[in-house]
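Novice: Have a look at this one before I ask anything.
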Amino acid sequence: MIWNAFILALREIRRSAMRSFLTTLGIVIGVASVISMVMLGDATTAYVTQSISKLGSNMIIIRPGQDRHGPGGDTVAKRFIHDDLTAISREIQGLKGVAPVSSKGIQAVYGNKNYSTSVDGSDNDYFTVKDWQFEEGRSFTDAELKGGKAVCIIGETVRKELFGAQTPIDTSIRLGNFSCQVIGILHPKGASMFGMDQDDLIVVPIRMFQRRISGNQEISAILVSAHNPSSIENMKSAIISLMQERRHIRTGDEDDFNVRDLREVIQTLSSTTKMLTLLLGAVATISLLVGGIGIMNIMLVSVTERTREIGIRLAIGALEREVLLQFLVEAVVLSSLGGVIGVILGIAAGIGVNIAFELPFVFNTSIVIIAFLFSTMVGILFGYFPARKAAQLNPIDALRHE
Amino acid sequence: MTSEPVVELKGAKKYYGQGNAAAYALQGVDLTIQKGEFVAIMGPSGSGKSTAMNIIGCLDVPTEGEYLFEGINVGGLSRDQRALLRRHYIGFIFQGFNLLGKTSALENVELPLLYRGIPAGERRDMAMEALKSVGLEDVAHHTPGELSGGQQQRVAIARAIVTNPLVLLADEPTGNLDTHKSIEVMELLLSFNRDKGITIIMVTHENDMAQFASRIIHFRDGCIDTAQNEHQ
């Protein structure tokens, strides 16, 4: 009986191709927009998460000064020294890397090119913690680090500005008032999500920075990364108590340093983008619902239009439930057909948008299934009422209908 | 003729509304039709002949009185039970042909078989056979729109007889046709009545067509007009 109804429905759909197409259009658009919107939302979320992890995986930043927001940050707090660094790597478990950082704006000169950038003094852990890859060249040797040799590793932006098409390895550039040999180039990371060019930097050994640029033994920040992301919370509190002890801060007093990680930022941002996905999905769902009402509308019109046909079927001996099933199956076949076309179009549109905005591709299987099932359900829901109307017609009246 | 009543109306009344406002369509009709008969029902419009046909065809039930089809009291059946009765025992031919548009002649003829649940291959063969018996096997794949009125009515006849029904009900089958086509249709009906023993009950207002029948029943004002019947 179901099979018969299915055959009848397919015949009917084929017979009135134009009407079927228009009926389905609402569902096609609804399903396609749900899928493409959710894909876009997912891609945005993935993009945000990726961008943040480019800043450094599982990174904890320790800075002197209180964790205050707004202008007039505390600048008088005691800076870190190398001993703090050794203390952390000695006392804290599960470290992947500990890197000192001191930064300063500087003028870099090569030939007649002059470029203003910033220089970070650090060691090789810097690249581990910040998740930097090398495009060319190498990291610092122990000798260079210990001796504070005038060597540097440059970011892609600096390379482009100073060298253009030339290869910079082993050439010397001038930083401020001394010259420095380029030994490596970092793999480009692009702009950070806050819009800063992450490739606009020069890294030198910390000793060299202290001796030639800052002129003191201070370290302005310590970067720490964990092997295991889940251990970050414990690691943070361990670092806090260690630093409190080292900086002689009594219980109850305010810390004169702060320890932060990027997970809070990730959480905030990804919850924002999740909201975005939800919102887009909700808007698209409404259009799917409207598509369903479209189906009901056309099915109702179709019942009126086909009253005579229904009369013939009933007179010939079709049961009420057979006519009901026929119309219901027609509605469900139409909406599922629309669902299938919508899924295809939606995925295509999603991929298109992701390519256009250079977002990562994320395929969400569950939303495809949900959208398709929803379209079928819409067919059952909105097909039932017209189908019942058709089935309950009086055959005598239906046959007389013009 | 053997005495095997297939249709029996006993004091059948049909009215709409109640009390003084009741509008009578049938005012107590007694009618028995034997198996194998070819009966023509005549009468002016509003005489109740269509109502009688609807009741005989199990599309409607009498308000009062009894209708026995093959001895079954149709008045006590549900809508679905009456549908099954129609499906298995009754064929219909209408004045307006009532074929499904945009649907080939063959598919139209297959329709009652579809509801009987006959498998596709067999269904096709039976439908083709029925079309052959009305001389339309060549236009099996044409839609009604591509056929003449006479051909359309013959498709409708094929659809009605494809199930080999006990009773064939024809409601003004020649009403929309010219004399030549009408006679063709009547001869077809007559042949099915004779060769297959199908009981035919036909409503018509054309005397020429009624002459093909073995019995003519006149209706007037919701009753059987005995005077005129005796006059015949």
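Taken in order, these protein sequences are the chains called A and B.
Mapping of the first sequence onto numbering that gives the first Met the number 0: residues 0 to 401, in sequence order.
Mapping of the second sequence onto numbering that gives the first Met the number 0: residues 0 to 231, in sequence order.
Note that beta-carbon positions come from the ideal geometry of N, C-alpha and C, so glycine has one too.
#1: By the 10 Å Cβ neighbour count, where 16 or more other Cβ atoms means buried, how is Gln107 of chain A classified, buried or exposed?
#2: Which residues in the same chain as Asp41 of chain A place their Cβ atom closer than 7 Å to its Cβ, once the five residues preceding and following it in sequence are excluded?
#3: Does the beta carbon of Pro111 of chain B sit closer than 8 Å to a beta carbon anywhere in chain A?
#4: Check Ser77 of chain B in the structure and name its three-state DSSP category.
#5: Do Val331 of chain A and Thr375 of chain A have their CB atoms nearer than 8 Å?
#6: What residue does the alpha helix (DSSP H) around Phe381 of chain A start on, and which one ends it?
#7: Quick check on Asn363 of chain A - is its C-beta less than 8 Å from some C-beta in chain B?
#8: If you reduce the DSSP assignment to three classes, tell me which class Gln49 of chain A lands in.
#9: Would Val30 of chain A pass as a contact of Val342 of chain A if the rule is Cβ separation under 8 Å?
#10: Give me whichever residues DSSP pairs with Asp260 of chain A in a beta bridge.
#11: If contact means a Cβ-Cβ distance below 8 Å, which residues of the region 286-315 of chain A contact chain B?
#12: Can you list the residues of chain A that Asp79 of chain B reaches, using a CB-CB cut of under 7 Å?
#13: Kindly say whether Ala129 of chain B, judged by its beta-carbon, lies nearer than 8 Å to any beta-carbon of chain A.
#14: Would DSSP call Gly183 of chain A helix, strand or coil?
#15: Can you tell me the Cα-Cα spacing of Gly96 of chain A and Ala190 of chain A, whole angstroms?
#16: The beta strand (DSSP E) with Ile153 of chain A in it runs from where to where?
#17: What residue range is occupied by the uninterrupted alpha helix (DSSP H) comprising Thr127 of chain A?
#18: How many whole angstroms separate the CB atoms of Gln33 of chain B and Val73 of chain B, which I take to be in contact at a CB cut-off of 8 Å?
#19: Report back the beta-carbon spacing between Gly233 of chain B and Gly196 of chain B to the nearest angstrom; my notes put them in contact at under 8 Å.
#20: Using only CA atoms, which one of B:Thr178, B:Ser213 and B:Glu65 lies nearest to Ser190 of chain B?
#21: Three or more C-beta pairs under 8 Å: does that hold for the region 309-319 of chain A against the region 389-396 of chain A?
#22: Would you mind giving the Cβ-Cβ distance between Ala225 of chain A and Asn57 of chain A, rounded to the nearest angstrom? I have them listed as a contact below 8 Å.
#23: Here's the rule: buried if 16 or more other CB atoms are within 10 angstroms of the residue's CB, otherwise exposed. What is Gly154 of chain A?
#24: Grouping DSSP H, G and I as helix and E and B as strand, with all else coil, what is Ala98 of chain A?
#25: Any heavy atom of the ligand GDP within a distance shorter than 7 Å of the CB on Gly146 of chain A?
#26: List the endpoints of the continuous alpha helix (DSSP H) containing Pro111 of chain B.
#27: In the DSSP assignment, find the unbroken beta strand (DSSP E) run with Thr31 of chain B in it and report its ends.
#28: Scan the region 29-63 of chain B for residues whose Cβ lies nearer than 8 Å to a Cβ of chain A and list them as they occur along the chain.
#29: For chain B, check one thing: does any of its Cβ atoms lie closer than 8 Å to the Cβ of Ser32 of chain A?
#30: Beta-carbon of Arg14 of chain A versus every beta-carbon of chain B: anything under 8 Å?
#31: Just to confirm my understanding: we take Arg149 of chain A, look at its own chain, exclude 5 residues before and 5 after, and list those with CB closer than 8 Å. What are they?
#32: Residues of chain B with CB closer than 7 Å to the CB of Ile395 of chain A, please, in chain order.
#33: Comparing alpha-carbon positions, which option in A:Ser171, A:Lys273, A:Pro385 and A:Ala220 lies nearest Ile325 of chain A?
#34: For Val324 of chain A, decide whether its Cβ has a neighbour in chain B, counting only Cβ atoms nearer than 8 Å.
#35: Taking all protein chains shown into account, decide if Met195 of chain A is buried (16 or more other Cβ within 10 angstroms of its Cβ) or exposed.
#36: How should Ile354 of chain A be labelled, buried or exposed, when 16 other C-beta atoms within 10 angstroms of its C-beta is the threshold for buried?
Specialist: So, from the listed chains and residues:
#1: It is worth fixing the name first, because residue 107 of chain A is Ala in this sequence and not Gln. Buried.
#2: Thr276, Val361 and Asn363
#3: yes
#4: coil
#5: yes
#6: Thr364 to Ala390
#7: no
#8: helix
#9: yes
#10: A:Ile59
#11: Arg307, Glu308, Gly310, Ile311, Arg312, Leu313, Ala314 and Ile315
#12: Leu318 and Glu319
#13: no
#14: strand
#15: 24 Å
#16: Val150 to Ile153
#17: Asp124 to Val128
#18: 18 Å between Cβ atoms; not a contact.
#19: Here chain B comprises residues numbered 0 to 231, so residue 233 of chain B is not present and cannot be evaluated.
#20: B:Ser213
#21: yes
#22: 5 Å
#23: buried
#24: strand
#25: Ligands are entirely absent from the displayed structure, and the ligand GDP is therefore not among its contents.
#26: Ala104 to Tyr114
#27: Ala22 to Gln33
#28: Asn53, Gly56, Leu58 and Asp59
#29: no
#30: yes
#31: Rather than Arg, the amino acid found at residue 149 of chain A in this sequence is Ala. If we look at Ala149 of chain A and ignore the five residues flanking it on each side, its Cβ neighbours are Phe177, Ser178, Cys179, Gln180, Val203, Met207 and Arg211.
#32: Asn53, Leu58 and Asp59
#33: What sits at residue 325 of chain A in the sequence shown is Gln, not Ile. Considering only alpha carbons, the answer is A:Pro385.
#34: Per the sequence shown, residue 324 of chain A should be read as Leu rather than Val. By this cut-off, Leu324 of chain A is not an interface position.
#35: exposed
#36: exposed
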